[in-house]
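Peer 1: Residue numbers 162 to 288, in my numbering, belong to the letters of the sequence shown in order.
Mind looking over this structure? Questions follow.
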Amino acid sequence: MYGGGCGRWLPHQVFRTPGQILAQAASLEEGQKLFTIARTSMAPLTQPAHYGTPIYAVALGCDLKFSKDICYADSNLNIKSPTLTPIGLGCQVCERQNCQHRGRPPRGHKLRFDLTRRRLGLFDSTH
């Protein structure tokens, strides 16, 4: 479709802490609230060592309202009022502005360049 998920979503963050199970409460632009747990998983080495060992992110998610039934939510989130990380489905279809993780401008937007203004993300755009 448009390639690449949101850099704010937990599976992209777990590579900073290999082997640890992390949890995230997130909200999509349309208002859906999600709970995700994720960790890295290393594949067995089947190729020459100089290729490196493959590392993957494995994630499981559900609607936030079900997180109270998941043990990882207890120790990682304040379930009564969790801090929601705003995420999108992918940079090209995400309308969130000023995103530090944005790798591409939103599809259909025109890029703006203002040398006198600094933005948090790489792209400044308008419809």
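All C-beta atoms in this analysis are idealised placements derived from N, C-alpha and C, irrespective of residue type, glycine included.
Note that this is a predicted model, so its numbers are computed, not measured.
In chain order, what residues of the same chain lie with their CB nearer than 6 Å to the CB of ARG265, ignoring the 5 residues before and after it?
Peer 2: Within the same chain, ARG265 has close Cβ partners CYS252 and GLN253.
Peer 1: Can you tell me which residues form a DSSP beta bridge with SER202?
Peer 2: SER202 is bridged to TYR217.
Peer 1: Helix, strand or coil, according to DSSP, for PHE274 in the structure here?
Peer 2: In this structure, PHE274 counts as coil in the three-state DSSP scheme.
Peer 1: Provide the residue span of the beta strand (DSSP E) that contains ALA184, from first to last.
Peer 2: Element bounds for ALA184: 183-188.
Peer 1: Between GLN181, LEU189, ARG169 and GLY165, which has its C-alpha nearest TYR233's C-alpha?
Peer 2: It is GLN181.
Peer 1: Kindly list the residues whose CB is nearer than 6 Å to the CB of SER188, restricted to its own chain and excluding five residues on each side of it in sequence; keep chain order.
Peer 2: Result list for SER188: LYS194, LEU245 and PRO247, in chain order.
Peer 1: Tell me the DSSP secondary structure of CYS252 in three-state form.
Peer 2: Helix.
Peer 1: Here's the rule I'm using: 16 or more other beta-carbon atoms within 10 Å means buried, otherwise exposed. How should ILE290 be labelled?
Peer 2: A question about residue 290 goes unanswered here, because the residues of the chain that appear run from 162 up to 288.
Peer 1: Take ALA199 and list the residues in its own chain whose beta-carbon comes closer than 7 Å to its own, dropping the five residues that flank it on each side.
Peer 2: Closer than 7 Å at Cβ, skipping near neighbours: LEU171, PRO172, VAL175, LEU183, ALA218, VAL219 and ALA220.
Peer 1: Let me confirm a value: THR277 is counted as buried when at least 16 other C-beta atoms fall within 10 Å, else exposed. Which label applies?
Peer 2: Looking at its Cβ environment, which holds fewer than 16 other Cβ atoms inside 10 Å, THR277 is exposed.
Peer 1: Please return the same chain residues whose Cβ sits closer than 7 Å to the Cβ of LEU206, not counting the five positions on each side in sequence.
Peer 2: Counting only Cβ-Cβ distances below 7 Å, and skipping sequence neighbours, we find THR214.
Peer 1: For PRO267 versus CYS255, is the C-beta spacing smaller than 8 Å?
Peer 2: A contact, by the Cβ cut-off of 8 Å.
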